[in-house]
Amino acid sequence: LGGYTLLIGVVVLNALLSIASATFVFGPQVELQILPLTLASQVFSALVFYSFAFMVGELMRRSSLSYILSSAVFFTSEIIVIYLTLIYSLTGDNVYKVASLYLPTSPVDSLPLLLAEPSFPGTVLTLFRIGGATPVESSIPLSAALIAAYVVAAVLISLAYFSRMDVAKRVT
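Quick note: the sequence shown uses this note's numbering, first residue 990, plus one each step.
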């Protein structure tokens, strides 16, 4: 829980610094009532890679290597989603879109945006579409379910491995 608490602190600090810098550059910020829901969804979304990193750390028992592997999975998943989306836009073949939906970064990237989008003005949504910052997932329940499935799977694998390989448990 200590590591996850630290991760929550980073997410909150990131939001506070973003608001402070935007206020400094652009003036007072409005519509900040979406911030708690967005922060909660980011914290929930972060569970995917936190639990995956925990699982890899448990399986490998090497913290540096598990950090590198977890980061590699995250960045590789992001890159694969970009390519699958590009291929889907060029070919129109639905297989690429479905494949990108089930990669771990898709629900993680989509959930906070899906929850915050209804509060955004139309001009912001237009800028998001032009810049490619649109959610990959199409529904909040699907994003939340995929996040929960990834988290539960990683935690169950970690617990199963830990219960079989724990040295203290084997000795007693």
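For every residue, glycine included, the Cβ atom is placed at its ideal position computed from N, Cα and C.
Only a predicted model underlies this, so the values are computations on that prediction, with no experimental measurement involved.
Minimum C-alpha distance to Leu1145 - residue among Ser1040, Tyr1056, Leu1005, Leu1104: As a position in the sequence shown, residue 1145 is number 156, starting the count at 1. Comparing Cα-Cα distances from Leu1145 to each of Ser1040, Tyr1056, Leu1005, Leu1104, the minimum goes to Ser1040.
Kindly list the residues whose CB is nearer than 7 Å to the CB of Val1037, restricted to its own chain and excluding five residues on each side of it in sequence; keep chain order. Here residue 1037 corresponds to residue number 48 of the sequence shown, with the count starting at 1. For Val1037, where only same-chain residues beyond five positions count, the Cβ hits under 7 Å are Pro1093, Val1097, Ile1136, Tyr1139, Val1140.
Restricting to runs no shorter than 3 residues, where is the beta strand (DSSP E) found entirely within the stretch 1018-1074? none
At which residues does the alpha helix (DSSP H) containing Phe1015 begin and terminate? Counting from 1 along the sequence shown, the entry for residue 1015 is found at position 26. Counting along the chain, Phe1015 sits inside the alpha helix (DSSP H) bounded by residues 991-1015.
Delimiting residues of the alpha helix (DSSP H) encompassing Ser1147: Translated into the one-based positions of the sequence shown, residue 1147 becomes position 158. Per DSSP, Ser1147 belongs to the alpha helix (DSSP H) from 1129-1154.
Mind checking whether Thr1027 and Ala1105 have CB atoms under 7 Å apart? Here residue 1027 refers to the residue found at position 38 of the sequence shown. Here residue 1105 refers to the residue found at position 116 of the sequence shown. Yes. Within cutoff.
Excluding the 5 residues preceding and the 5 following Ser1132 in the sequence, name in chain order all residues of the same chain whose CB lies nearer than 7 Å to its CB. Translated into the one-based positions of the sequence shown, residue 1132 becomes position 143. The answer, listed in chain order, is Pro1096, Ser1099, Leu1100, Leu1103, Glu1126.
Considering Leu1092, what are the terminal residues of the alpha helix (DSSP H) in which it resides? Translated into the one-based positions of the sequence shown, residue 1092 becomes position 103. That residue, Leu1092, is in no alpha helix (DSSP H); it is neither H nor E in DSSP.
I need the straight-line Cα distance from Tyr993 to Ser1034, nearest angstrom please. Taking the first residue of the sequence shown as 1, we reach residue 993 at position 4. Taking the first residue of the sequence shown as 1, we reach residue 1034 at position 45. Whole-angstrom Cα-Cα distance: 12 Å.
When burial is assigned at 16 or more other CB atoms within 10 Å of the CB, is Gly981 buried or exposed? Because the chain here runs from 990 to 1161, residue 981 falls outside it and cannot be looked at.
Would you kindly check if the distance between the Cβ of Val1045 and the Cβ of Ser1162 is under 7 Å? Residue coverage of the chain in this structure runs from 990 to 1161, which leaves residue 1162 outside it and unanswerable.
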